[in-house]
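Here the structure comes first, spelled out in structure tokens, and everything after it is commentary.
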Amino acid sequence: MSSILSRISTLLNSTKTILHLHQLHARIIQNGLEQHNLIINLFISRCTKLDAHPNHTTTHYALSIFNLVFHPNAHLWNSILKANISSLPITISLFNRFKLSKTTPDDYTFSSLIKCCSIHNGVWEGRLIHGLVVRNGVLGFVFVGTSLVDFYGKVGEVESARKVFDEMPERNVVSWTAMVVGYLSLGDLRSAQVVFDEMPWRDCAAPAWNAMVDGYVKWGDLESARKVFDEMPERNVVSFTCLIDGYAKAGDMESARELFDRAPARDVVAWSALISGYVQNGNANRAVEMFVEMCNENVKPDEFAMVNLMTACSQIGSSDLGLWVDSYVTRNSIDLSRPHIAAALIDMNAKCGNMDRATCLFEEMPKRDLVLYCSMIQGLSIHGCAVQAVRLFSRMLEEGLVPDKVAFTVLLTACSRAGLVEEGMQYLCSMKNDYGLVPSPDHYACIVHLLGRAGHLEAAYDLIESMPVEPHASAWGALLGACRLHWNIKFGEMVAGKLFQLEPRNPSNYVLLSNIYANANRWTDVLELRNRMREGCVRKIPGQSRI
DNA sequence: ATAGGGTTAG
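Heads up, the first sequence is in our numbering, so the first residue is 57 and it goes up one at a time.
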């Protein structure tokens with residue numbers, strides 16, 4: 057008997073696939089061990105380890121086998137709770153069954169339960185379990201106390217976290233770190249720093265140091281982040297990544313790059329911090345180069361890195377590069393069913409001019425959400441298929457999706473590109489009346505552009521004057537562009553006058569008006585404008601014209 | 001005799 061037991065447990069340890077699990081399950085039944093707590097426990101633990109990634113088939117499998125055990129012991133109950141930590145309701149109902157059984161929950165039980173509440177933001181459940189922890193006399197266990205500190209920190213009740221922390225009879229590095237992280241997540245940097253400074257064994261608490269660096273970065277205090285970083289006794293990849301990310305977000309790519317070169321190791325996350333920095337700071341070409349370099353150093357890109365690459369390509373807009381990235385994504389079995397990845401891929405194909413591919417991807421999605429629709433509508437509108445874009449918006453409404461501000465910006469831009477005056481005005485009304493959205497200056501600028509291009513300069517002017525929001529320079533700018541389009545001197549002068557007040561240093565406004573004058577052969581006026589431009593140190597930067 | 005736990009970058 058004991059030999060079969062040790063054979064099965066050895067086999068379990070080397071189990072890699074679901075097929076192996078099924079074979080072992082058969083063997084367990086053959087030997088009449090379905091009621092054997094230890095074997096079933098090992099089996100369930102193995103299921104949990106194989107279920108690190110989505111589709112919870114092995115978790116369901118584990119649960120079905122657990123349900124056949126008549127008298128599970130506390131170990132087995134704890135294992136099945138841990139296996140189902142990704143679902144709060146299942147965990148709670150299992151725990152209720154556990155309480156009704158003859159066995160009693162222990163410290164292991166409660167730390168799993170609290171962790172589950174903390175993952176799922178179960179504030180109410182967590183408080184309830186805190187009460188049970190006290191009643192069951194397990195509050196003194198370090199793991200239980202630490203889980204509670206972590207839980208209260210995550211749900212934003214840092215005072216409760218502090219209370220548990222202060223009352224803990226025994227604390228270790230992890231407890232202290234959880235307390236620091238709790239303060240940091242609420243932005244209470246001072247309290248975090250105080251706890252961090254009092255922390256014993258601080259030199260061997262890398263996670264706490266990294267959390268401090270990350271916290272200062274997240275709350276915008278790059279200097280303090282740097283200070284903590286420089287004081288660290290030992291820095292690992294994470295430490296470097298936190299700070300690289302901070303510099304990248306602040307637009308200081310030189311410092312980011314310098315740190316990156318100094319990092320002891322470079323994993324995908326470190327590379328991504330730098331690459332996304334280049335993307336966000338408008339240096340898409342550099343981002344693509346870095347991506348290639350990363351691949352050459354045998355660092356395998358994950359989904360996050362791929363989204364960065366696709367965003368960079370969208371900015372560059374090269375059709376060839378877009379096709380290459382598309383085939384790269386497909387070859388490397390990146391999960392296209394995840395909406396944000398599919399959205400990035402569709403957006404990239406659309407911006408790179410590969411509309412057929414974009415349409416194909418869009419139609420083949422099992423489900424289309426708002427973001428996906430917006431990418432597609434924008435793609436069509438960029439490529440002069442604005443009528444189709446507007447039609448797609450209607451289809452989106454038919455599917456029951458509710459448009460937001462971004463959706464309307466995309467839609468109104470499409471209308472203005474296609475010269476759909478009536479539709480545009482209707483959608484602006486619908487936005488206010490049907491969806492309760494307040495049009496932003498950008499939305500108004502779209503409509504002004506639309507009216508202006510169609511030659512309704514007066515209507516556009518009236519719209520700007522009647523805007524409930526502060527008229528943004530972009531609305532006036534759109535109108536001035538329209539005045540140039542129709543060579544209208546009267547409106548042009550009036551609008552330009554407003555713009556010279558709003559943004560006296562923007563050269564395109566001067567250039568537009570001077571074009572209008574030139575067209576009417578009013579060369580004295582052109583000359584006078586040139587002088588005004590020079591006096592105000594306004595210089596036209598080549599390629600920055602607004603039209 | 002035997003099994004299981006809390007913190008950590010994008």
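Positions of the beta carbon are idealized from the N, C-alpha and C atoms, including for glycine.
This one's a predicted model, so the numbers in the text were calculated from it and none came from an experiment.
- If you ignore the 5 residues before and after A262, its C-beta comes within less than 7 Å of the C-beta of E290, N292, all in its own chain and listed in chain order.
- A414 and L426 have their C-alpha atoms spaced approximately 16 Å apart.
- If the five residues before and after L484 are omitted, its C-beta is found closer than 6 Å to the C-beta atoms of I503, all from its own chain and listed in chain order.
- Counting along the chain, S241 sits inside the alpha helix (DSSP H) bounded by residues 229-242.
- About 12 Å separates the Cβ atoms of L299 and R313, ruling out a contact at the 8 Å cut-off.
- When C-alpha distances from D490 are compared across P497, Q482, S496, the shortest belongs to Q482.
- Between L124 and R102, the CB-CB gap reaches or exceeds 8 Å.
- Between A474 and A445, the alpha-carbon positions lie close to 10 Å from each other.
- Taken in chain order, the unbroken stretches of alpha helix (DSSP H) that lie wholly in the segment 557-584 and span 4 residues or more are 563-575.
- For the options R387, A406, M350, the alpha carbon positioned closest to that of T367 is the one of A406.
- Looking at the backbone, the Cα of P145 and that of H116 are separated by about 14 Å.
- Distance from the Cα of H186 is smallest, within the candidate group I175, S203, V363, for S203.
- Excluding residues up to 5 positions away in sequence, I300, L330 lie with their Cβ nearer than 6 Å to the Cβ of F316 in the same chain.
- Note on I85: under 16 other CB atoms within 10 angstroms of its CB, so exposed under the neighbour-count rule.
- Take the alpha-carbon of P395 and the one of V220: they are about 40 Å apart.
- DSSP places F122 inside the alpha helix (DSSP H), whose first and last residues are 113-122.
- Per DSSP, G212 lies in no alpha helix (DSSP H) and is assigned neither H nor E.
- Taking D323 as the centre and dropping the five residues before and after it, the same chain places the C-beta of V293 closer than 6 Å to its C-beta, in chain order.
- Distance from the CA atom of D277 to the CA atom of Y303, rounded to whole angstroms, is 11 Å.
- Restricted to the segment 258-330, the alpha helix (DSSP H) segments that are unbroken, complete and at least 4 residues in length are 262-274, 278-287, 293-305, 309-318, listed in chain order.
- Taking a 10 Å sphere around the C-beta of P422, we find fewer than 16 other C-beta atoms and assign the residue as exposed.
- In the three-state scheme derived from DSSP, where H, G and I count as helix and E and B as strand, P524 is classed as coil.
- A direct Cα-to-Cα measurement between A264 and M404 gives close to 39 Å.
- Residues of the same chain with a CB within less than 6 Å of the CB of C369, apart from the 5 flanking positions on each side, are L377, G378, V381, M404 in chain order.
- In summary, W133 is buried, with 16 or more beta-carbon neighbours lying within 10 Å of its beta-carbon over all protein chains present.
- Between S564 and V525, the C-beta gap is not smaller than 8 Å, which leaves the two residues out of contact.
- D391 and K546 have their C-alpha atoms roughly 57 Å apart.
- Between the alpha carbons of R342 and Y334 lies a gap of roughly 7 Å.
- Between the alpha carbons of N266 and L555 lies a gap of roughly 48 Å.
- Taking C-beta atoms as the reference points, L536 and V551 count as a pair closer than 8 Å.
- DSSP, read as helix, strand or coil, puts M550 in helix.
- Between L150 and the set L119, L89, V236, the nearest pair of CA atoms involves L119.
- The C-beta of F126 has fewer than 16 other C-beta atoms within 10 Å across all chains shown, which makes the residue exposed.
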